[in-house]
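Residue numbers (the working numbering): 18 to 126.
What follows is the structure in C-alpha coordinates.
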(Lines of atoms letter the chains of each structure in order from A and count residues from 1; the text may use other names and numbers.)
(Lines give C-alpha, C1' and ligand atoms only; values in the text may rest on other atoms or scores of the structure.)
Protein backbone atom coordinates (compact mmCIF):
# COMPACT_ATOMS: atom_id res chain seq x y z
CA UNK A 1 0.00 0.00 0.00
CA UNK A 2 1.15 3.54 -0.68
CA UNK A 3 1.45 5.64 2.48
CA UNK A 4 1.24 9.43 2.38
CA UNK A 5 1.42 11.78 5.35
CA UNK A 6 -0.74 14.73 6.35
CA UNK A 7 2.30 16.86 7.21
CA UNK A 8 6.10 16.83 7.51
CA UNK A 9 6.12 16.48 11.31
CA UNK A 10 4.02 13.32 11.13
CA UNK A 11 6.24 11.89 8.37
CA UNK A 12 9.29 12.54 10.56
CA UNK A 13 7.64 10.87 13.57
CA UNK A 14 6.80 7.79 11.50
CA UNK A 15 10.26 7.62 9.91
CA UNK A 16 11.86 7.86 13.36
CA UNK A 17 9.66 4.97 14.52
CA UNK A 18 11.10 2.85 11.73
CA UNK A 19 14.66 3.74 12.73
CA UNK A 20 14.41 3.78 16.53
CA UNK A 21 12.26 1.00 17.92
CA UNK A 22 13.59 1.03 21.48
CA UNK A 23 10.47 2.52 23.07
CA UNK A 24 7.27 0.42 23.11
CA UNK A 25 5.13 3.00 21.28
CA UNK A 26 7.81 3.53 18.62
CA UNK A 27 8.15 -0.23 18.15
CA UNK A 28 4.38 -0.68 17.77
CA UNK A 29 4.08 2.32 15.43
CA UNK A 30 6.87 0.83 13.31
CA UNK A 31 5.07 -2.53 13.24
CA UNK A 32 1.79 -0.91 12.17
CA UNK A 33 3.56 1.00 9.39
CA UNK A 34 5.18 -2.26 8.23
CA UNK A 35 1.74 -3.92 8.15
CA UNK A 36 0.27 -1.04 6.17
CA UNK A 37 3.13 -1.06 3.66
CA UNK A 38 2.90 -4.85 3.21
CA UNK A 39 -0.83 -4.77 2.46
CA UNK A 40 -1.89 -4.64 -1.18
CA UNK A 41 -5.25 -3.14 -0.20
CA UNK A 42 -6.93 -2.02 2.98
CA UNK A 43 -8.92 -5.28 3.01
CA UNK A 44 -5.70 -7.15 3.84
CA UNK A 45 -5.72 -5.46 7.27
CA UNK A 46 -9.37 -6.03 8.07
CA UNK A 47 -8.93 -9.51 9.53
CA UNK A 48 -5.59 -9.07 11.29
CA UNK A 49 -6.20 -9.14 15.07
CA UNK A 50 -3.29 -6.87 16.04
CA UNK A 51 -4.00 -3.67 14.14
CA UNK A 52 -7.79 -3.87 14.57
CA UNK A 53 -8.28 -1.68 11.51
CA UNK A 54 -11.72 -0.10 11.51
CA UNK A 55 -13.77 2.81 10.22
CA UNK A 56 -14.49 5.63 12.65
CA UNK A 57 -17.80 7.30 13.43
CA UNK A 58 -19.04 10.71 14.50
CA UNK A 59 -16.80 13.66 13.76
CA UNK A 60 -14.15 11.24 12.40
CA UNK A 61 -16.51 9.61 9.88
CA UNK A 62 -14.64 8.80 6.67
CA UNK A 63 -11.43 8.15 8.59
CA UNK A 64 -10.01 4.82 9.77
CA UNK A 65 -7.71 3.80 12.58
CA UNK A 66 -5.39 1.06 13.75
CA UNK A 67 -4.50 0.44 17.38
CA UNK A 68 -1.22 1.54 18.89
CA UNK A 69 -0.68 1.34 22.67
CA UNK A 70 -3.27 2.17 25.29
CA UNK A 71 -5.89 4.53 23.92
CA UNK A 72 -3.67 5.78 21.08
CA UNK A 73 -4.59 5.18 17.46
CA UNK A 74 -3.02 5.88 14.08
CA UNK A 75 -5.73 7.81 12.20
CA UNK A 76 -5.75 7.81 8.39
CA UNK A 77 -7.98 8.23 5.36
CA UNK A 78 -8.07 6.67 1.91
CA UNK A 79 -5.91 8.67 -0.50
CA UNK A 80 -7.10 7.08 -3.75
CA UNK A 81 -8.69 9.53 -6.17
CA UNK A 82 -11.55 8.91 -6.40
CA UNK A 83 -12.11 7.08 -3.11
CA UNK A 84 -13.45 3.59 -3.96
CA UNK A 85 -17.07 3.23 -2.85
CA UNK A 86 -19.55 0.35 -2.86
CA UNK A 87 -23.00 0.75 -4.39
CA UNK A 88 -24.45 1.51 -0.94
CA UNK A 89 -21.92 4.35 -0.49
CA UNK A 90 -19.67 2.50 1.95
CA UNK A 91 -15.92 2.27 1.55
CA UNK A 92 -14.73 -0.51 -0.79
CA UNK A 93 -11.82 -1.77 1.32
CA UNK A 94 -10.61 -4.19 -1.36
CA UNK A 95 -9.87 -1.31 -3.75
CA UNK A 96 -8.13 1.14 -1.40
CA UNK A 97 -4.45 1.05 -2.38
CA UNK A 98 -3.19 4.28 -0.83
CA UNK A 99 -3.76 6.05 2.47
CA UNK A 100 -2.88 9.38 4.06
CA UNK A 101 -1.88 9.23 7.73
CA UNK A 102 -3.39 12.21 9.52
CA UNK A 103 -2.58 12.00 13.21
CA UNK A 104 -1.65 9.81 16.16
CA UNK A 105 -4.11 10.48 18.97
CA UNK A 106 -6.37 9.21 21.71
CA UNK A 107 -9.75 8.97 19.96
CA UNK A 108 -11.55 8.63 23.29
CA UNK A 109 -10.86 12.22 24.42
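All C-beta atoms, glycine included, are put in the ideal place defined by N, C-alpha and C. Since the model is a prediction, treat every value here as computed from it, not as a measurement.
Practice task
Output yes or no for whether 7 Å exceeds the beta carbon distance between residue 21 and residue 96.
Solution key: yes
Handout entry: Close beta carbons around residue 54, own chain, < 8 Å, minus the five adjacent residues each side
Key = 18 and 20
Handout entry: Which of helix, strand or coil DSSP assigns to residue 65
Key = coil
Handout entry: Buried or exposed (CB count within 10 angstroms, at least 16 for buried), residue 100
Key = exposed
Practice task
Go ahead and label residue 203 buried or exposed: buried means 16 or more other beta carbons lie within 10 angstroms of its beta carbon, across all protein chains shown.
Solution key: Because the chain in this structure spans residues 18 to 126, residue 203 falls outside the shown range and cannot be described.
Practice task
For my contact list, residue 81 and residue 72 are in at a C-beta cut-off of 8 Å; report their separation, rounded to the angstrom.
Solution key: 5 Å
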